[in-house]
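Okay, structure first, notes after.
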Amino acid sequence: MTVKVLLVDDEALVRGGLRYIIDAEPDLKVVGEVADGADVPDAFARTRPDVVLMDVRMPGRDGISATRALLTQADRVGAVAPRVLVLTTFENDDYVLDALRAGASGFLLKRAHPEQVLEGIRVVARGEALLFPTALRRLVAASATAENGDRLVRAQLSEREQEVLRLLASGLSNAEISAKLFLGTETVKTHVGSILAKLGVRDRTQAVVRAYESGFVRPGIA
Numbered sequence: 003m004t005v006k007v008l009l010v011d012d013e014a015l016v017r018g019g020l021r022y023i024i025d026a027e028p029d030l031k032v033v034g035e036v037a038d039g040a041d042v043p044d045a046f047a048r049t050r051p052d053v054v055l056m057d058v059r060m061p062g063r064d065g066i067s068a069t070r071a072l073l074t075q076a077d078r079v080g081a082v083a084p085r086v087l088v089l090t091t092f093e094n095d096d097y098v099l100d101a102l103r104a105g106a107s108g109f110l111l112k113r114a115h116p117e118q119v120l121e122g123i124r125v126v127a128r129g130e131a132l133l134f135p136t137a138l139r140r141l142v143a144a145s146a147t148a149e150n151g152d153r154l155v156r157a158q159l160s161e162r163e164q165e166v167l168r169l170l171a172s173g174l175s176n177a178e179i180s181a182k183l184f185l186g187t188e189t190v191k192t193h194v195g196s197i198l199a200k201l202g203v204r205d206r207t208q209a210v211v212r213a214y215e216s217g218f219v220r221p222g223i224a
């Protein structure tokens, strides 16, 4: 199956470079590109991408509000929401954390090697999160509060679900969690689904952010 990609970046040179490396892959295809986050909803309606590469900082509508508007639109029309992969210049950019809270599935540095960009697209297209635990811990370190901790406690995760959430937060895929816990992949998927439902979040990325913000996962322990 070909993964359809929408490019959102105010720099034409960046969009051109991304299009070049993506369209060279047999399983990936750029179906559209826009220079302003304000144009994302219309572009989504026209192209129905699987993955959106979203610049987080743009002079018009930024990637955070564009991500939020995109996912809201998909929910409103009953469409499958695309995975949003945020592009940023600095890995400690606070905008990245806000984008993840808004529903982005992960982030990539603009200076990333082409192979990393391509693999990132494939990872989020599979429904996995593309996160960097060290960078994420640094981003949310100041966000851990007792209130966030109480919210996670109230979710009443089982011991196994807590194990799975910790491994999600350390950046492991379902297959890697399956091998580490000696569980079937489908069993891991079931646990992940239950975690998302109990936490009231859209996807595994938001579950991981919630785990860090609550203090459930702490630096050096994930």
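The sequence shown begins at 3 in the numbering used here and counts up one residue at a time. The C-beta atom is built at its ideal place from N, Cα and C for all residues, glycine as well. Being a predicted model, the structure only gives us computed values, none of them experimental.
Secondary structure of residue i, DSSP reduced to three states
{"i": "Gly-108", "result": "strand"}
{"i": "Leu-169", "result": "helix"}
{"i": "Ala-224", "result": "Any reading at Ala-224 must be qualified, since the residue scores a pLDDT of 43, below 50, and its modelled position is unreliable; no value is offered."}
{"i": "Leu-174", "result": "coil"}
{"i": "Ala-114", "result": "coil"}
{"i": "Pro-51", "result": "coil"}
{"i": "Arg-63", "result": "coil"}
{"i": "Gly-19", "result": "helix"}
{"i": "Gly-202", "result": "coil"}
{"i": "His-193", "result": "helix"}
{"i": "Ala-76", "result": "helix"}
{"i": "Ala-68", "result": "helix"}
{"i": "Val-126", "result": "helix"}
Check whether residue i and residue j have beta carbons under 7 Å apart
{"i": "Ile-24", "j": "Val-32", "result": "yes"}
{"i": "Lys-200", "j": "Asn-176", "result": "no"}
{"i": "Asp-29", "j": "Arg-63", "result": "no"}
{"i": "Gly-122", "j": "Leu-87", "result": "yes"}
{"i": "Leu-8", "j": "Val-54", "result": "yes"}
{"i": "Ser-107", "j": "Arg-85", "result": "yes"}
{"i": "Met-60", "j": "Asp-12", "result": "yes"}
{"i": "Val-166", "j": "His-193", "result": "yes"}
{"i": "Gly-65", "j": "Asp-57", "result": "yes"}
{"i": "Ala-171", "j": "Val-219", "result": "yes"}
{"i": "Ala-239", "j": "Arg-206", "result": "Nothing can be reported for residue 239, as the shown portion of the chain is limited to 3 through 224."}
{"i": "Val-42", "j": "Val-79", "result": "no"}
{"i": "Thr-90", "j": "Phe-109", "result": "yes"}
Host alpha helix (DSSP H) of residue i (start-end)
{"i": "Arg-85", "result": "No alpha helix (DSSP H) holds Arg-85; the beta strand (DSSP E) holding it covers 85-90."}
{"i": "Asp-38", "result": "No alpha helix (DSSP H) holds Asp-38; DSSP gives it neither H nor E."}
{"i": "Thr-4", "result": "Element bounds for Thr-4: n/a, residue is neither H nor E."}
{"i": "Gln-158", "result": "From DSSP, Gln-158 is part of no alpha helix (DSSP H); its letter is neither H nor E."}
{"i": "Ala-213", "result": "206-215"}
The beta strand (DSSP E) enclosing residue i, as first and last residue numbers
{"i": "Leu-185", "result": "Neither: Leu-185 is in no beta strand (DSSP E) and is coded neither H nor E."}
Sheet register partners of residue i (DSSP bridge)
{"i": "Leu-56", "result": "Checking the displayed sequence, the identity of residue 56 turns out to be Met instead of Leu. Looking at the DSSP assignment, Met-56 forms a beta bridge with Val-10, Val-88."}
{"i": "Leu-132", "result": "Gly-108"}
{"i": "Leu-30", "result": "Val-5"}
Any non-hydrogen atom of the ligand HEM within 6 Å of residue i CB
{"i": "Asp-205", "result": "The ligand HEM is absent from the structure shown, which contains no ligand whatsoever."}
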